[in-house]
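> Before I ask anything, here is the structure I am working with.
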Amino acid sequence: MSRVRTRLLWIALLAVLLVAGGFGFFTYQVQQVPQFYRQAIAASPREQVQAGEQFETEALELQNQIQRTGDWQVELAADEINGWLATVLPEKFGEAIPPGISDPRVAIEQGRLLAACKYQAVGIETVVSIELEAFLTNETNVVAVRVHQVAAGKVPIPLGQYLEQITAAAAERGIFVRWQEVDGDPLALISLPLAEPDDKRSIVIRSLELSPGKLIATGTAEDTAPVKRPRPVPPHDSPGNDNSQN
Numbered sequence: 001m002s003r004v005r006t007r008l009l010w011i012a013l014l015a016v017l018l019v020a021g022g023f024g025f026f027t028y029q030v031q032q033v034p035q036f037y038r039q040a041i042a043a044s045p046r047e048q049v050q051a052g053e054q055f056e057t058e059a060l061e062l063q064n065q066i067q068r069t070g071d072w073q074v075e076l077a078a079d080e081i082n083g084w085l086a087t088v089l090p091e092k093f094g095e096a097i098p099p100g101i102s103d104p105r106v107a108i109e110q111g112r113l114l115a116a117c118k119y120q121a122v123g124i125e126t127v128v129s130i131e132l133e134a135f136l137t138n139e140t141n142v143v144a145v146r147v148h149q150v151a152a153g154k155v156p157i158p159l160g161q162y163l164e165q166i167t168a169a170a171a172e173r174g175i176f177v178r179w180q181e182v183d184g185d186p187l188a189l190i191s192l193p194l195a196e197p198d199d200k201r202s203i204v205i206r207s208l209e210l211s212p213g214k215l216i217a218t219g220t221a222e223d224t225a226p227v228k229r230p231r232p233v234p235p236h237d238s239p240g241n242d243n244s245q246n
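Note that the UniProt record's numbering has the sequence shown beginning at 1, numbered continuously upward.
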């Protein structure tokens with residue numbers, strides 16, 4: 001009987017060790033931080049402030065360009081975006097950041113966008129990252145965003161269960177999202193409302209490029225309101241002419 005008891009104790013101990021080891025490995029994997037995020041988060045406060053101010057300048061210039069009729073172009077560096085995320089976003093738009101999320105940062109590669117943020121909930125602290133591919137479609141102002149990977153540390157996160165939440169959150173901000181699938185990856189078709197509802201102009205994105213360290217977009221702003229032409233003056237007889245029949 002004692003041998004059976006001893007064996008049961010060893011089996012129970014082994015099960016505990018396996019569970020503890022599995023949890024330890026999971027914890028280790030969850031706590032891994034992407035290299036691009038380490039680099040982005042390491043920027044000094046002074047660099048972040050300067051980069052954030054430059055982003056604000058670029059955004060204001062884009063707004064001024066779009067308000068005029070004609071071509072427009074914007075070039076945003078990843079460092080400028082990160083500076084804005086680090087300084088302006090929490091100060092001016094902190095209420096828009098979901099609970100448990102902090103310190104979002106991005107990196108831009110050729111054709112791809114990497115984004116990550118810190119996430120803390122239920123005693124777990126990790127860095128959630130996402131890898132995206134973005135390009136224009138044949139539809140006017142519709143951008144396709146293919147999600148290649150979402151992970152907490154190095155642990156993949158299935159995105160399917162969150163698609164409806166993403167769609168609803170975008171709709172609240174006036175952005176319409178449709179979902180498709182490409183080789184097992186979710187593909188979001190995002191309609192961008194560039195013009196204000198009362199704007200009589202057509203604002204169109206002509207190109208979108210993700211190159212190392214920066215995003216470049218070009219487009220046009222055209223006046224779609226009908227041109228008011230002066231009403232023609234009806235011809236009348238010159239003084240002294242008499243066209244009446246005799």
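In this text, a Cβ means the ideal position worked out from N, Cα and C, and glycines have one as well.
1) Among the residues of its own chain, which have a CB less than 6 angstroms from the CB of N142, if the five just before and after it don't count?
2) Please classify T69 as buried or exposed, where buried requires at least 16 other C-beta atoms within 10 Å of its C-beta.
3) In the structure shown, what three-state DSSP assignment does D103 receive?
4) With DSSP as the reference, please indicate the residues paired to Q149 in a beta bridge.
5) In angstroms, rounded to a whole number, what distance separates the CA positions of F176 and A134?
6) Considering only C-alpha positions, which residue in the set T220, P45, Q31, V74 is nearest to G123?
7) Take Q165 as the anchor and find which of E131, P98, P212 has the nearest alpha-carbon.
8) Per the contact definition of three or more C-beta pairs closer than 8 angstroms, is the segment 114-133 in contact with the segment 146-156?
9) Give every residue of the same chain whose Cβ lies closer than 7 angstroms to the Cβ of A40, excluding the five residues on either side of it in the sequence, and list them in chain order.
10) Is T87 helix, strand or coil when you go by DSSP?
11) In this structure, does DSSP put P193 in helix, strand or coil?
12) Within a Cβ cutoff of 6 angstroms, which residues of the same chain sit near A115, ignoring the five residues on either side of it in sequence?
13) Look up A59 in the DSSP assignment and say whether it is helix, strand or coil.
14) Measuring CB to CB, does G94 end up less than 8 angstroms from A121?
15) Is the beta carbon of residue 247 sitting closer than 8 angstroms to the one on S211?
16) Check whether the Cβ atoms of Q48 and A86 lie closer than 8 angstroms to each other.
17) Since V74 and L62 should fall inside the 8 angstroms C-beta cutoff, what is the C-beta to C-beta distance between them, to a whole number of angstroms?
18) Using 8 angstroms as the threshold, is the C-beta distance between R206 and D223 below it?
19) What first and last residue would you give for the alpha helix (DSSP H) that runs through Y162?
20) Please classify Y162 as buried or exposed, where buried requires at least 16 neighbouring CB atoms within 10 angstroms.
21) Could you give the residue range of the beta strand (DSSP E) that holds A40?
22) Assuming R112 is part of the beta strand (DSSP E), what are its boundary residues?
Taking the definition as stated:
1) It is worth fixing the name first, because residue 142 is Val in this sequence and not Asn. Answer for V142: L189, S191, listed in chain order.
2) exposed
3) strand
4) E131
5) 16 angstroms
6) Q31
7) P98
8) yes
9) N82, R105, A107
10) helix
11) coil
12) V106, I130
13) helix
14) no
15) Examination of residue 247 is not possible in this model, given that the chain is present from 1 through 246 alone.
16) yes
17) 4 angstroms
18) no
19) First-last for Y162: undefined, no H or E at that position.
20) exposed
21) That residue, A40, is in no beta strand (DSSP E); its alpha helix (DSSP H) goes 35-41.
22) 112-121
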